[in-house]
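This report concerns only the one structure given below.
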Amino acid sequence: MDKQLDAGDLELAVLRELTALRSFAPSRGFSDLVMARVRLPQPAAVVLFRRAGAWVMQPRRAVALATAYAASVAIALRLTLPWLGAHAPALKLGASWLGTQVSALFNSVILTAADWAVRSGAADAVRAVASSGKVWPALAALSIGYAVGGYGFYALLKTPGRSDALVRS
Amino acid sequence: MATAKDLRTLGDREVVALAKAGKEAAYRELLSRYERPVFSLIYRMVRDRALAEDLSQETFIKVLNALDSYRPEYKFSSWIFKIANNAAIDQLRKRELDTLSLDGAPGARTADEIEATALQATDRGESPLAELESRELGSEIEQAIGKLRPEYRTAILLRHVEGRAYEEIADVMDLPLGTVKTYIHRARLELREYLAHLRT
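Printed below as a string of structure tokens:
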């Protein structure tokens, strides 16, 4: 291209060169730096719970809510205690009946479990372990199993932290 | 679940919808689509690479953290260019960098500073001679763009470098369509004047 251009050529050359100007790229790692500061959307329930928590934890609101809670409990007691006093015999009878029912259900569950342990051979297996002197290793294995299971459950539920995020700083 | 390859075939609106649903890959796709255009626009506006990187980062963080407020009836590109342009214009107002040349920012004193703030016109896959000639004119144009008023600069860059429609530029700049056309026309005239020394 001759550097000396007439007016028409210059117009065309300017437009052509404008269109052909290179695009610049930011430095490597730009997108990771951006992503490290972007908040990815979370489930609505989590967001709602956090917002509610933040709202409640404002000092004045927390005091107001605690006062309202105490007042509502006092009002509820004020209304229910006289009624409870007036119906005490009937309530006592009802509570006694309910207690009997719960106790019977508990006994039934225990008996069913014991029956299953005897019939399935589980009781014999436990007895065999106890008599063979391996009770401590068995208890240790059981404890380790519980601990590993508990940690796995915790790892599953915990919120990913900065070190777990899939971005480089 | 959409893979990165699938995402590349989707339009901006679909990718934004996936990002709103919490897909990190969709966020990265938006970044990869717009990091060069946004960075180029800001860099040509402020003429300082480090500053352009900071402003581009702020633009993306602002946009990606506010996707919920994005209304799909508008073009995503208009939205992101508007935020990028506002960031650049604000910075120019703050630091009065609107008359910089290709040779670096006015505040650049040392050789390193000049090099860091100078725009580079480089290879577009042409022959060495054509590249040299083109680079010469490209450099002249980069220099001339740097002399334009910021409003003209935004308009001409969006129109001729990014290939955006007049209507989209009007959206980006919050100006009537007629004003945008006038800006682009005047910008071309000014560029011709700045490059008049190349005429016979």
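If you read the protein sequences in the order shown, they are chains A and B.
Per the numbering used here, the very first residue in the first sequence carries number 154; after that it's consecutive.
Per the numbering used here, the very first residue in the second sequence carries number -14; after that it's consecutive.
Cβ atoms here follow ideal geometry from the backbone N, Cα and C, with glycine treated the same way.
Check each candidate in L(-5)/B, E127/B, R(-7)/B, L133/B and name the one with the smallest Cα separation from T172/A.
Numbered from 1 along the first sequence, position 19 holds the residue referred to as residue 172/A. Nearest of L(-5)/B, E127/B, R(-7)/B, L133/B to T172/A, Cα basis: E127/B.
For the putative contact between A181/B and I141/B, defined by C-beta atoms under 8 angstroms, what is the C-beta separation to the nearest angstrom?
Numbered from its first residue, the second sequence carries residue 181/B at position 196. Numbered from its first residue, the second sequence carries residue 141/B at position 156. Rounded, the Cβ-Cβ distance is 17 angstroms, inconsistent with contact.
Is the distance from the Cβ of E9/B to the Cβ of L(-8)/B below 8 angstroms?
Counting from one through the second sequence, the residue named residue 9/B turns up at place 24. Counting from one through the second sequence, the residue named residue -8/B turns up at place 7. Cβ distance not < 8 angstroms, so E9/B and L(-8)/B don't count as in contact.
Could you tell me how far apart the beta carbons of L186/A and Q76/B are, in whole angstroms, since I believe they sit closer than 8 angstroms?
For this step, residue 186/A is matched to residue 33 along the first sequence. For this step, residue 76/B is matched to residue 91 along the second sequence. Not quite, the Cβ-Cβ distance comes to about 19 angstroms (not below 8 angstroms), so this is no contact.
Roughly how far, in whole angstroms, is the beta-carbon of F61/B from the beta-carbon of P179/A, given that I think they are within contact range, below 8 angstroms?
Counting from one through the second sequence, the residue named residue 61/B turns up at place 76. Counting from one through the first sequence, the residue named residue 179/A turns up at place 26. F61/B to P179/A, Cβ: 19 angstroms. No contact.
Go ahead and pull the three-state DSSP assignment for E38/B.
As a working mapping, residue 38/B is identified with position 53 in the second sequence. Helix.
Compare the C-beta of R7/B against all C-beta atoms of chain A and say whether one is closer than 8 angstroms.
Locating residue 7/B in the second sequence gives position 22, counting from the first residue. According to the sequence provided, residue 7/B is Gly. The question's Arg does not apply to it. Yes, because at least one Cβ of chain A sits closer than 8 angstroms to the Cβ of G7/B.
Would you verify that the beta carbon of L82/B is, or is not, closer than 8 angstroms to some beta carbon of chain A?
To locate residue 82/B, count along the second sequence from 1; it is residue 97. For L82/B, the predicted structure reports a pLDDT of 47, less than 50, and the residue's modelled location is therefore unreliable. A value from the coordinates is still provided. So, not an interface residue.
Which full runs of the beta strand (DSSP E) of 3+ residues lie inside the region 5 to 58 of chain B, going along the chain?
none
State the start and end residues of the unbroken alpha helix (DSSP H) segment that holds S249/A.
As a first step, residue 249/A is located in the first sequence; it is residue number 96 there, counting from the start. Taken as a continuous stretch (DSSP letters only), the alpha helix (DSSP H) holding S249/A covers 241 to 273.
Where the alpha helix (DSSP H) through M210/A begins and ends:
The residue given as residue 210/A occupies position 57 in the first sequence. M210/A -> no alpha helix (DSSP H), and no H or E assigned at all.
Run of the alpha helix (DSSP H) containing F306/A, from where it starts to where it stops
Locating residue 306/A in the first sequence gives position 153, counting from the first residue. From DSSP, the alpha helix (DSSP H) with F306/A extends over 288 to 310.
Could you check where the alpha helix (DSSP H) with K79/B kicks off and where it finishes?
Your numbering for residue 79/B matches position 94 in the second sequence. Start and end: 61 to 80.
Under 8 angstroms between C-beta atoms of P194/A and G7/B:
Position 41 of the first sequence, counting from 1, holds the residue named residue 194/A. Position 22 of the second sequence, counting from 1, holds the residue named residue 7/B. Yes, the pair counts as a contact, with Cβ atoms nearer than the cut-off.
Tell me, to the nearest whole angstrom, how far the beta carbon of A73/B is from that of I130/B; I am working on the premise that it is less than 8 angstroms.
One-based indexing of the second sequence puts residue 73/B at position 88. One-based indexing of the second sequence puts residue 130/B at position 145. So it is not a contact: roughly 13 angstroms between Cβ atoms.
Would R204/A count as contacting chain B if we go by Cβ distances under 8 angstroms?
As a working mapping, residue 204/A is identified with position 51 in the first sequence. Judged by the 8 angstroms Cβ criterion, R204/A is not in contact with chain B.
Can you look up D108/B in the DSSP assignment and give me helix, strand or coil?
Numbered from its first residue, the second sequence carries residue 108/B at position 123. Its pLDDT being 39, under 50, D108/B is placed unreliably by the model, and nothing is read from it.
Alpha carbon to alpha carbon, what distance is there between E136/B and A166/A?
As a working note, residue 166/A is residue 13 in the first sequence. As a working note, residue 136/B is residue 151 in the second sequence. So the alpha carbons of these two residues sit roughly 22 angstroms apart.
Can you list the residues of chain B that V167/A reaches, using a CB-CB cut of under 8 angstroms?
Within the first sequence, numbered from 1, the residue matching residue 167/A stands at position 14. Near V167/A (Cβ distances below 8 angstroms), the residues of chain B are I126, R173, L176, R177, L180.
Put L218/A into one of helix, strand or coil per three-state DSSP.
On the first sequence, residue 218/A is found 65 positions in, with the first residue counted as 1. Of the three classes helix, strand and coil, the one that applies to L218/A here is helix, per DSSP.
So L40/B and Y12/B are supposed to be a Cβ contact under 8 angstroms. How far apart are they, rounded?
In the second sequence, counting from the first residue as 1, residue 40/B sits at position 55. In the second sequence, counting from the first residue as 1, residue 12/B sits at position 27. 19 angstroms between Cβ atoms; not a contact.
Short-range partners of chain C found in the region 135 to 150 of chain B, where Cβ spacing is below 9 angstroms:
Absence of chain C from the displayed structure is noted, the protein chains being A and B.
With a cut-off of 8 angstroms, does the C-beta of R192/A fall near any C-beta of chain B?
Taking the first sequence and counting its residues from 1, the one referred to as residue 192/A is at position 39. At least one chain B Cβ lies under 8 angstroms of R192/A.
For V191/A, name the three-state secondary structure that DSSP assigns.
Residue numbering aside, residue 191/A sits at position 38 when the first sequence is read from its first letter. V191/A: coil per DSSP, three-state reduction.
Start and end residues, alpha helix (DSSP H) containing E136/B:
Residue 136/B sits at position 151 when you count from the first residue of the second sequence. Where E136/B is concerned, the enclosing alpha helix (DSSP H) stretches over 135 to 141.
Of all Cβ atoms in chain B, is any one closer than 8 angstroms to the Cβ of T253/A?
Sequence index remark: in the first sequence, residue 253/A carries index 100 (1-based). With 8 angstroms as the cut-off, T253/A does not count as an interface residue toward chain B.
Indicate whether at least one CB of chain A lies closer than 8 angstroms to the CB of E38/B.
Here the question's residue 38/B lines up with position 53 in the second sequence. It does: the Cβ of E38/B has a partner Cβ on chain A nearer than 8 angstroms.
Element boundaries [alpha helix (DSSP H), containing V165/B]
Taking the second sequence and counting its residues from 1, one reaches residue 165/B at position 180. That run of the alpha helix (DSSP H) goes 162 to 179.
Using a beta-carbon distance cut-off of less than 9 angstroms, what residues from the region 177 to 189 of chain A approach chain B?
F177, A178, P179, S180, F183, S184, L186, V187, M188
Determine the burial state of M158/B: buried for a count of at least 16 other Cβ atoms within 10 Å of its Cβ, exposed for fewer.
Here residue 158/B is taken as the residue at index 173 of the second sequence, counted from 1. Classification of M158/B: buried, given that the 10 Å Cβ count is 16 or more.
Does any C-beta atom of chain A lie closer than 8 angstroms to the C-beta of P113/B?
Here the question's residue 113/B lines up with position 128 in the second sequence. Low local confidence applies: a pLDDT of 43 at P113/B is under 50, so the model's placement there is unreliable, with the coordinate-based value given in what follows. Not one chain A Cβ lies under 8 angstroms of P113/B.
Go ahead and label F66/B buried or exposed: buried means 16 or more other beta carbons lie within 10 angstroms of its beta carbon, across all protein chains shown.
For the purposes of this step, residue 66/B is taken as the residue at position 81 of the second sequence. Buried is the call here.
Contact under 8 angstroms by Cβ, M30/B with T164/B
Residue 30/B sits at position 45 when you count from the first residue of the second sequence. Residue 164/B sits at position 179 when you count from the first residue of the second sequence. Against a cut-off of 8 angstroms, the Cβ pair of T164/B and M30/B comes out as no contact.
In chain order, what residues of the same chain lie with their CB nearer than 8 angstroms to the CB of L117/B, ignoring the 5 residues before and after it?
One-based indexing of the second sequence puts residue 117/B at position 132. Note that L117/B has pLDDT 47, beneath the 50 cutoff, so the model's placement of it is unreliable and no number is given.
Cα-Cα separation, G286/A to Q254/A:
One-based indexing of the first sequence puts residue 286/A at position 133. One-based indexing of the first sequence puts residue 254/A at position 101. Between G286/A and Q254/A, the C-alpha separation is close to 41 angstroms.
If you measure between the beta carbons of I46/B and R190/A, is that distance less than 8 angstroms?
For the purposes of this step, residue 46/B is taken as residue 61 along the second sequence, with counting starting at 1. For the purposes of this step, residue 190/A is taken as residue 37 along the first sequence, with counting starting at 1. Going by C-beta atoms, I46/B is nearer than 8 angstroms to R190/A.
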